[in-house]
Amino acid sequence: MNYILNANEMKMYDRDTSERIGIPSMVLMERASLGVVESLKEQNLKPDRILVVAGMGNNGGDGLAVGRLLAEKGTEVTFYIAGNPDKVTPEMRRQLLILENSGFSIQRKLELAEYDMVVDALFGIGLSRNVEGEYLELIREINNFGKRGALILSLDIPSGVCADTGRILGMAVRADITVTFAYAKRGHFLYPGREYTGKLVVKNIGVTEKSFIKGRPGAFCYEKKDLQGLLPKRSPWGNKGTFGKVLLVAGSHDMCGACILCGKSILRTGAGMVKIITPACNRTILQEAFPEAMLYTFEDRPEPEKIQKSLDWADVVVAGPGLSTGDISGELMEYLLKDKRCPMVIDADGLNLLAARRELFRLAKERGGKKLIITPHPGELVRLLKTDREEYGTDREKLVSELAGELCCVVAAKDAATLVVEAGREEIYINTSGNDGMATAGSGDVLAGITGGLLAQGMDSFRCACLSVYLHGLAGEEASAGKGRYGMTASDIVEAIPTVMTLRDEDFLRCQKTPSKKI
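Going by UniProt numbering, the first residue of the sequence shown is number 1, and it counts up by one from there.
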């Protein structure tokens, strides 16, 4: 597990490291610059001509220190600073003095020469308002250097990206690589900031968990090394009932595929048994395509006694994939929600029914707590909250927390960087696994199945949702390694689940991203 910080947390831990632990801020800055130089060496990047574009804050000081260290190694470095000299920070002033004493010249007018690399050190994580004027033009020019082939290296976060939300504050630098310090920031993973970050490298500068004097960060992510310790333990004496029985209520006319994808994901994740309630039109297809599943199929409408018998059998219920939003589906959801014994995962049309029928929304709220996980994509989330996509893009975390509070449940808000939030819990999970190849039909059904399969094995709802999202992303990475991001399908993700549940760290090396520009 690793922490993901917002701007205020990083500033507080930085300050406490200096004031309470005793490591001077200039030492932290020098460590940061050494980390950047080390990162370039690790990636075998050897630029001959570098432009450093620095602001008047500490991010600018980091940039000057990086340029100085590279110049000492023989690289040709041009230093350019922007901003009001009256607003220079003490650390930046010291870095300017070091440069002057070392004989380096500093430009106040940007030369449009050719460079192998441009170091973006305009703004750090403290930016909170839209960039304008001189800074806007500088960011545009940095991006133009990138278009002409220069590798763009941002320090801490690309200038113009909000460190807390990932929003673009007017305009932002499009980095090829971002080297951040101590811990990753939320804006590195939340869109659209993730698109601007490029390859993310995190360097230790001396701010560690010992710096968390006033409390731990509010967000975290999983890493591959955590995986084996997170998976449910399996007894060598277990049987199919020991590992969980999942009731899947899914599918409708012409929507049988959702049953298959979700059901197979349940079993691939380690659950012992799955039973599907679905219309009779899906019976033959399921018997041929998914022989491991038990079935209860109905012609016109399901019999309450048989639904109840299935609920009494189950440890977990997964409802919604391919279900449709008709009256029969609404009746099914009502029956499931009224039975509060089993933990429940609701996805897809199950969520659309909650949004359209407030009585079902009320029933979901009544059974909430640790017994309900919902997995909405952005469209489903805004429908549930009766809001719009514009508000969703402004402060996604706030909306997800609001929905978790309304339903008293765990929300896994699907997106390129999925958030997991539980009502009443201060920490949130930000997912860092996965890729754009997972934007394919049926991918959400796979996640619902993984979640149900892990939940059936006794996991806590919040940790289950976090691990499910992480595994889903890893399976997507594994699938793309074999089929490519253009050609992979949801079925490929299903088939990759067992593989990623047993992989070691070194098996993931082929999935690592490297900058496309070579210098």
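Just so it is clear, CB atoms sit at the ideal spot from N, CA and C, and this is done for glycine as well.
Asked	Found
Please list, in chain order, all residues of the same chain as E38 whose beta carbon is under 8 angstroms from its beta carbon, the five residues on each side excluded.	K203
For R186, is the classification buried or exposed, using 16 other Cβ atoms within 10 angstroms of its Cβ as the cut-off for buried?	buried
Would you tell me roughly how many angstroms separate the C-alpha atoms of E391 and C409, rounded to the nearest one?	22 angstroms
I want to know whether the stretch 26-36 touches the stretch 82-96 - three or more CB-CB distances under 8 angstroms.	yes
Using 8 angstroms for Cβ pairs, my map puts L323 next to S252. What's the rounded Cβ distance?	6 angstroms
What's the call for S401, buried or exposed, on a 16-neighbour Cβ count within 10 Å?	buried
Counting only runs of 3+ residues fully inside the stretch 379-453, write out the beta strand (DSSP E) ranges in chain order.	410-413, 419-422 and 428-430
My output table needs one value for D176: the three-state DSSP class, helix, strand or coil.	coil
Between which residues of its own chain and L454 is the CB-CB distance below 7 angstroms, once the five residues before and five after are set aside?	P232, T269, C464, L467 and S468
My output table needs one value for V88: the three-state DSSP class, helix, strand or coil.	coil
Could you name the residues that DSSP lists as bridge partners for Q107?	Y80
Along the chain, where does the alpha helix (DSSP H) that runs through P20 open and close?	The residue you asked about is not Pro; residue 20 is Arg in the sequence shown. Per DSSP, R20 belongs to no alpha helix (DSSP H) and is neither H nor E.
Please classify Y296: does DSSP put it in a helix, a strand, or coil?	strand
Can you list, in chain order, the stretches of the beta strand (DSSP E) that have 3 or more residues and sit fully within the stretch 149-223?	151-155, 177-181, 199-203 and 219-221
Enumerate in chain order the residues of its own chain whose CB-to-CB distance from E506 is below 8 angstroms, with the five nearest sequence positions on each side excluded.	In this prediction, E506 scores a pLDDT of 49, lower than 50, which makes its location untrustworthy; the coordinate-derived value is nonetheless stated afterwards. Once the five neighbours on either side are set aside, E506 has no close Cβ partner at all.
Can you give me the C-alpha to C-alpha distance between G424 and G405, rounded to a whole angstrom?	7 angstroms
Comparing C-alpha positions only, which one of A475, F462, V274 and V119 sits nearest to E495?	A475
Could you name the residues that DSSP lists as bridge partners for I277?	V249 and Y296
Are N2 and A184 closer than 9 angstroms when you measure CB to CB?	yes
In its own chain, which residues sit with a C-beta less than 6 angstroms from the C-beta of A355, not counting the 5 before and 5 after it?	R383 and L384
What are the boundary residues of the alpha helix (DSSP H) that L70 is part of?	N58 to E72
Whole angstroms are fine: how far does the CA of V420 sit from the CA of P376?	11 angstroms
So, at 7 angstroms on beta carbons, what are the nonlocal neighbours of G133 in its own chain, with the 5 sequence-adjacent residues on each side left out?	none
In terms of alpha-carbon separation, which member of G449, T489, R140 and L399 lies closest to T440?	T489
Name the DSSP beta bridge partners of Y3, please?	F220
Compare the C-beta of L169 against all C-beta atoms of chain D and say whether one is closer than 9 angstroms.	You won't find chain D in this structure, because it holds only one protein chain.
Apart from the five residues on each side of it in sequence, which residues of its chain come closer than 8 angstroms, Cβ to Cβ, to D415?	Y191, H377, P378 and R396
Measuring CA to CA, which of Y486, K275 and G218 is closest to I307?	K275
Helix, strand or coil, according to DSSP, for L51 in the structure here?	strand
Give the range of the beta strand (DSSP E) segment to which D492 is assigned.	Run containing D492: none in the beta strand (DSSP E); it sits in the alpha helix (DSSP H), A490 to V500.
Going by the DSSP bridge assignment, what does V318 pair with across the sheet?	L248 and V345
What three-state label does DSSP hand L45 in the structure shown?	coil
Measure the beta-carbon distance from A163 to N44 and round it to whole angstroms, keeping in mind my assumption that it falls under 8 angstroms.	Not quite, the Cβ-Cβ distance comes to about 29 angstroms (not below 8 angstroms), so this is no contact.
What's the C-alpha gap between I81 and F104?	13 angstroms
Just to confirm, is the Cβ distance from G393 to R167 under 9 angstroms?	yes
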